[in-house]
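Visitor: Below is the structure I would like to discuss, written out as structure tokens.
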Amino acid sequence: VEFVLLGFSDIPNLQWILFGIFLVIYLTILMCNSIIILIIRIDPALQTPMYFFLSNFSFLEICYVTVTIPRMLMDLLTQKGNISFFACAAQMCFVLMFGGSECLLLTVMAYDRYVAICNPLHYPLVMNHKVCVQLVTVAWISGVPVVIGQTCQIFSLPFCGSNTINHFFCDLPPVLKLACGDTFLNEIAVYVVAVVFVMIPFLLIVVSYGKIISNILKLSTAKGRAKAFSTCSSHLIVVVLFYGTATITYLQPKPNQSEGVGKLISLFYTILIPTLNPLIYTLRNKDIMVALRKLLTKLLP
């Protein structure tokens, strides 16, 4: 009927400190990403495909953290981790859905940078508004039927043993560990989906950046090379952080990962990386900083 999320119950003395830290982190993520969406929306200089994708990415980050952090805060506050069978299934479904969308959206952003740097003359034609909307739509919805099917498949398994999940949200590996009987086919399905939504997009990003770096190195001036690198470096940092942790979580053989390590890695990609992403994109982006200064000047003259 229900599961019990252990969360951070192994460190009871730090429950309130963790509640305060995670609450501040959640509010920071909401505020920073909302500011990015707002300034991209109102600043005419930011009406380009790159910033259109970035605003979608910021909105996706808000959705992604909202699936996990509020629930975790409630568990820390009440000191209980009870979650119903259907709520657990829904949480897993949305985490996988938004995670898959993030993988695809990062690939779309890499393609945008590839066209901008390697084919600049045709960039306005290739990356017109209609194409941008279509790419974002594909990133948002293409994984939905796959994720729903996989979640239904996992939660149709018999759970006849322990109902305790040693995690702070209903992630796929710890839930699958609780299932009775043979889960071999389910594990194969997890690997296949992970390859499709993690490894293939990652390889496409690697190919795109291989061509981008090759083109940048051909530029005659150091200033031109520096400018080209600066437009790509933020995205590249986010890709390395996100894909690194996602690969360890969903592509590592099941017996090799302890529950404690899995929890720590999940904490990294569900909370720490979304906290860093707005900072990476704003502090390393002159256009965003200029737009932010203009907005602050209007609000606080």
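Using the numbering used here, the letters of the sequence shown correspond one by one to residues 15 to 315.
The beta carbon of each residue, even a glycine, is placed where N, CA and C say it ideally should be.
Between Thr42 and Pro84, what straight-line distance do the alpha-carbon atoms span, to the nearest angstrom?
Guide: Straight-line Cα distance between these residues: approximately 13 Å.
Visitor: Three or more C-beta pairs under 8 Å: does that hold for the stretch 67–80 against the stretch 27–37?
Guide: Contact fails: fewer than three Cβ-Cβ distances are below 8 Å.
Visitor: Grouping DSSP H, G and I as helix and E and B as strand, with all else coil, what is Val210?
Guide: Helix.
Visitor: Under a Cβ-count criterion, where at least 16 other Cβ atoms within 10 Å of its own Cβ denotes burial, should Asn270 be classed as buried or exposed?
Guide: Here the model assigns Asn270 a pLDDT of 49, short of 50, so the residue's position is not dependable, and the following value carries that caveat. Exposed is the call here.
Visitor: Counting only runs of 4+ residues fully inside the stretch 236–266, write out the alpha helix (DSSP H) ranges in chain order.
Guide: Listed in chain order, they are 236–265.
Visitor: Keeping to the same chain, check which residues put their C-beta closer than 7 Å to that of Pro63; ignore five residues upstream and five downstream.
Guide: Around Pro63: Asp126, Met141 and Cys146.
Visitor: Identify which residue in Leu186, Phe99, Phe211 and Ser170 has its Cα closest to the Cα of Ser156.
Guide: The shortest C-alpha separation from Ser156 is found at Phe211.
Visitor: If you drop the 5 nearest sequence neighbours on each side, which residues of the same chain put their C-beta closer than 7 Å to that of Ala305?
Guide: Ile53, Asp57, Ala59 and Leu60, listed in sequence order.
Visitor: Using DSSP with H/G/I as helix, E/B as strand and the rest coil, what is Ile25?
Guide: Coil at Ile25, not helix or strand.
Visitor: Taking its Cβ as the centre, do 16 or more other Cβ atoms sit within 10 Å of Cys117, making it buried, or is it exposed?
Guide: So Cys117 counts as buried.
Visitor: Going by CA-CA distance only, name the one from Ile168, Cys194, Tyr137 and Val207 that's closest to Val160.
Guide: Cα-wise, what sits closest to Val160 is Val207.
Visitor: For the beta strand (DSSP E) containing Leu6, name the first residue and the last one.
Guide: No statement about residue 6 is possible, as the shown extent of the chain runs from 15 to 315 and does not include it.
Visitor: Quick check: what's the CA-CA separation for Val204 versus Leu20?
Guide: Approximately 24 Å, taken between the alpha carbons.
Visitor: What's the call for Lys277, buried or exposed, on a 16-neighbour Cβ count within 10 Å?
Guide: So Lys277 counts as buried.
Visitor: Going by the beta-carbon positions, is the gap between Phe216 and Tyr264 smaller than 8 Å?
Guide: Against a cut-off of 8 Å, the Cβ pair of Tyr264 and Phe216 comes out as no contact.
Visitor: Quick check on DSSP: helix, strand or coil for Ser98?
Guide: Strand, per DSSP.
Visitor: Tell me Thr178's beta-bridge partners as DSSP assigns them.
Guide: For Thr178, which the question treats as bridged, DSSP gives the partners Val18.
Visitor: Between Tyr295, Ile302, Val253 and Met303, which lies nearest to Tyr283 when the distance is taken from Cα to Cα?
Guide: Per the Cα distances, Val253.
Visitor: Can you name the start and end residues of the alpha helix (DSSP H) that Leu313 belongs to?
Guide: Note, Leu313: alpha helix (DSSP H), Lys300 to Leu313.
Visitor: Taking all protein chains shown into account, decide if His136 is buried (16 or more other Cβ within 10 angstroms of its Cβ) or exposed.
Guide: Answer is exposed; the Cβ neighbour count stays below 16.
Visitor: So within the stretch 28–104, which uninterrupted beta strand (DSSP E) runs reach at least 3 residues, ignoring any that extend past its ends?
Guide: Counting only runs of 3 or more, we get 96–98.
Visitor: Express the C-alpha separation of Tyr223 and Ala153 in angstroms, rounding to a whole number.
Guide: Between Ala153 and Tyr223, the C-alpha separation is close to 19 Å.
Visitor: Rounded to whole angstroms, what's the CA-CA distance from Ile227 to Ile97? Just pull it up for me.
Guide: Looking at the two C-alpha atoms, the distance is approximately 47 Å.
Visitor: In whole angstroms, give me the CA-to-CA distance for Met106 and Leu314.
Guide: If you take the alpha carbons of Met106 and Leu314, they lie about 42 Å apart.
Visitor: Just the C-alpha distance for Lys94 and Phe66, rounded to the nearest angstrom, thanks.
Guide: Going by the C-alpha atoms only, they are around 41 Å apart.
Visitor: Along the chain, where does the alpha helix (DSSP H) that runs through Ala193 open and close?
Guide: Taken as a continuous stretch (DSSP letters only), Ala193 belongs to no alpha helix (DSSP H), as it is neither H nor E.
Visitor: Rounded C-beta distance between Thr82 and Phe183? I'm assuming under 8 Å.
Guide: With a Cβ gap of about 5 Å, Thr82 and Phe183 count as contacting.
Visitor: Can you tell me the Cα-Cα spacing of Glu16 and Leu186, whole angstroms?
Guide: Using only the alpha carbons, I get a separation of about 16 Å.
Visitor: In chain order, which alpha helix (DSSP H) runs of at least 4 residues are fully inside the stretch 140–178?
Guide: Listed in chain order, the complete alpha helix (DSSP H) runs (minimum 4 residues) inside the stretch 140–178 are 143–155 and 158–169.
Visitor: Alpha carbon to alpha carbon, how far is Leu192 from Phe100? Give it in angstroms, no decimals.
Guide: If you take the alpha carbons of Phe100 and Leu192, they lie about 16 Å apart.
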